[in-house]
DNA sequence: AATGAATGAGAGTTCATTCAT
DNA sequence: GATGAATGAACTCTCATTCAT
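Chains as they are written, first to last, in my numbering: chain A, 1 to 216; chain B, 1001 to 1216; chain C, 2001 to 2216; chain D, 3001 to 3216.
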């Protein structure tokens, strides 16, 4: 997920022409810690993300942690923004620009489920954040809802969406966000934490509903 | 949630009208603890609901707690079912039986927001439960979704809802549940935890969407 | 192990000619508690013998306990004397009075192992008592060693045991007591707490040693 | 039991002769904790060896304990092996290699009592271990009995011990172990916990018995 | 005499954070 | 900048004992 220096720092030609800069190294450690934190929160939840756990995973001493983050809460607050951006980029980069109307919504939710399948801990990261990292959660929601609203606004302007005013779009955005989250929760995760594909008829129901509600 | 007279009134007119203070007191203590727990989870989250906190609030010794609950998790698992039942009963008892169609949905979400206004901690109780009391959360969702599905099925049979099969109703139920939750989160709570009324145009947007999606 | 009232108190002929006296009932409860304590210490050790455990087993309320015993330590201190007496009586009552010399020792240790087989918790009761009920332990050891010494004195007087003075008998008694305890510990108990018969050759080695040391 | 220099002296003459204070200090803390535990178990029994007690005695914070031991049981399990080794080494190192026959036994038990006089808590450590640290107890007994058996086997081979087969030696070893333990318990400790010398005639009785039983 | 709810001290353990090296 | 030992408050839970009923 981040700059990862190759493990072999190449001991060859011992006189170092230029060994990785201090800044680089530091950045490296920082990212290692973030990576570790993301993995652990995904696996064990925020609760399980103790400093001991994170630093052990990152293979640095506990003390090192505090050279990069002010507190435990500090790093927890950074996780969701990072992963959230990654999620939205995942979807954005894979959306077909030529698809329009409700088909875009179908694509969007399908890609969302796809992302969840690849990053199963993401759902947990978001959900628990409301409690464990409220600031991060707020930022994340703002980020995602704004993306939604932008998209809906364009559809409205293009005349694909009919019968709503711009002022109503925010509420609608929240409805779409909530919907995909709950559908994932209900249909994408089995009791034992494993991920399974969301049934096609669930997706098509979603599309039906959205289509009638917005695009008709 | 509050004092419930014991079923067995027993001891067919033994001396005092006043019977079995022992059992009453015990039931009282139990309810005091549950009340305290609900309040604290609402205010500080499940995390903050330590035994020390709960018992202090209930003004009993820490040891007393374990006369009524097996463990901390035990009481946490009981909170959502209790409050969930209370919530659904609140709504059910206030629904006008003569209202039909999308108006019922409007009534339902309005009552839901009303309930939240009276029990602001309820939202937190539900949300965190997914992590902190997963079993309770699962039960709660089953309970609520089943209610929704029953209601939707009737509307479908009456011909108010058109264009969907019975199989699609579960997914739709989850969409409705999620929607009201996220709208509450976004519009009912101010940043400082206070509750505010959900704007009328948000509700009417919700009604518009549902109306077009289902009742037309 | 104690007076045990029959369970059925015979509800027949309801007018009580004479329902068990108060004193009887009390004695009964007391013994029930002692029985429960013995069983629990045998199964779980002194540590596991909590008041809650004992009273639950005896089917009385916790408070009742303190009508019969001053404290937890009080009852623990009574267990070993009771069981110790039972053990010595078990052996004494089964010893063949016509057996003499080292054969008596063989009989004694065999009966001891037999008693352990029937009361496997006895070994634990004695061993832990040194720590958990030191007073009781001291009394028990005095009791058992005095019995041994009496017996050895008679053998000495009869001329079966040769080469020792009366003053040496106490030390010898302790050697015999210790020996049978350790042999039981090593050979009578399997790792999973079960009891198994002590191998014949262990017993015969014991007899050889004792025979040469004392009776020759 | 005390400071053990780390094996790796490492850093081939880097600047200071004084190396790695870090590791030394740590080792120190560890030993302080072990020492404290040994003393407390000796004085108050395993029961009294609470973390609070141990750390207070060692003058470190309670949390520090868990930097060195996984759990309370962990340290308790380590005490007997450590002290047991110390005991056997104490005796072995002081045994006169030129002494043979029953005189060796006399020397052995005398040294045992001597060790107990110097480490009065040892007896308690061993005795309670059967309950409080069963694994450690098993290991200790194996260790000690094997030493005994080796020694007895040699005596048998040299012809000092007569009339027994190798198979009988284990039982005999247990008899010797048990004997010295019980004699110590009876004669070395006064009621108020103080240690007193075992009377000479007790030792000579022991020697008489062993001599006749084995060496004649 | 019997009850069992209430008590509160104390148990083992975890963990974010600090700081001398 | 990196280390990791030390800290101590806070956690959940147990239990002998008391006492009003």
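From the three backbone atoms N, C-alpha and C, an ideal C-beta is built for every residue, glycine too.
- Cβ-Cβ distances below 7 angstroms link residue 188/A to 113, 116, 195, 196 and 198 in the same chain, with the five nearest sequence neighbours on each side left out; the list follows chain order.
- Interface annotation, residue 177/A: in contact with chain B, CB-CB separation under 8 angstroms.
- In terms of Cβ geometry, residue 38/A and residue 76/A do not form a close pair [threshold 8 angstroms].
- Nearest to residue 3105/D by alpha-carbon distance, out of 3186/D, 3151/D, 3069/D and 3040/D, is 3151/D.
- Minimum Cα-Cα distance from residue 1153/B among the listed residues 1167/B, 1140/B and 1143/B corresponds to 1167/B.
- The DSSP-derived three-state label of residue 2141/C is helix.
- The Cβ atoms of residue 3184/D and residue 3123/D sit closer than 8 angstroms to each other.
- A direct Cα-to-Cα measurement between residue 1042/B and residue 1034/B gives close to 12 angstroms.
- Around the beta-carbon of residue 2067/C, fewer than 16 other beta-carbon atoms lie within 10 Å, marking it exposed.
- Distance between residue 2138/C and residue 2129/C, taken at the CA atoms: about 9 angstroms.
- Legend: CB atoms of the segment 3030-3058 of chain D lying less than 9 angstroms from CB atoms of chain C belong to residues 3045, 3046 and 3047.
- Cβ neighbours of residue 1147/B within its own chain (closer than 7 angstroms, five residues either side excluded): 1088.
- Where residue 1048/B is concerned, the enclosing alpha helix (DSSP H) starts and stops at 1021-1048.
- Around the Cβ of residue 1021/B, a 10 Å sphere holds fewer than 16 other Cβ atoms; the residue is exposed.
- In the DSSP assignment, residue 1092/B falls within the unbroken alpha helix (DSSP H) covering 1072-1094.
- By the CB criterion at 8 angstroms, residue 1051/B and residue 1036/B fall outside the cutoff.
- Chain-ordered, the chain D residues with CB closer than 8 angstroms to the CB of residue 2172/C read 3205 and 3209.
- Comparing C-alpha distances from residue 1201/B to each of 170/A, 207/A and 208/A shows the shortest one belongs to 170/A.
- The beta carbon of residue 72/A is closer than 7 angstroms to those of 51 in its chain, skipping five residues each way along the sequence.
- Under the DSSP assignment, residue 2174/C falls in the alpha helix (DSSP H) whose first and last residues are 2169-2187.
- In this chain, the alpha helix (DSSP H) harbouring residue 2207/C covers 2200-2214.
- Neighbours of residue 2139/C across chain D, judged by C-beta separation under 8 angstroms, do not exist; the nearest C-beta is about 13 angstroms away.
- The Cβ neighbour count for residue 2098/C, taken over all protein chains shown within 10 Å, is under 16; the residue is labelled exposed.
- Under a 10 Å Cβ-count criterion, residue 1155/B is classified as buried, with 16 or more other Cβ atoms of the shown protein chains found around its own Cβ.
- The alpha-carbon separation between residue 192/A and residue 1134/B amounts to approximately 12 angstroms.
- Residue 3085/D sits exposed, since fewer than 16 C-beta atoms from the chains shown fall within 10 Å of its C-beta.
- Residue state for residue 1126/B is assigned as helix, using DSSP reduced to three classes.
- Excluding five sequence positions before and after residue 3211/D, the CB atoms of its chain that fall closer than 7 angstroms to its own CB belong to 3102, given in chain order.
- Residue 3081/D sits close to residue 3140/D, with the two beta carbons spaced by under 8 angstroms.
- Contact check for residue 1215/B against residue 1160/B passes: the beta carbons are separated by less than 8 angstroms.
- The three-state reading of DSSP puts residue 2060/C in coil, since its state is none of H, G, I, E or B.
- Flagged as an interface residue toward chain A: residue 1183/B, by a C-beta distance shorter than 8 angstroms.
- Residue 2213/C reaches chain D at 3209, 3212 and 3213, counting residues in chain order whose Cβ is nearer than 7 angstroms.
- Taking the CA atoms as reference points, residue 2095/C sits about 25 angstroms from residue 3179/D.
- Taking a 10 Å sphere around the C-beta of residue 163/A, we find fewer than 16 other C-beta atoms and assign the residue as exposed.
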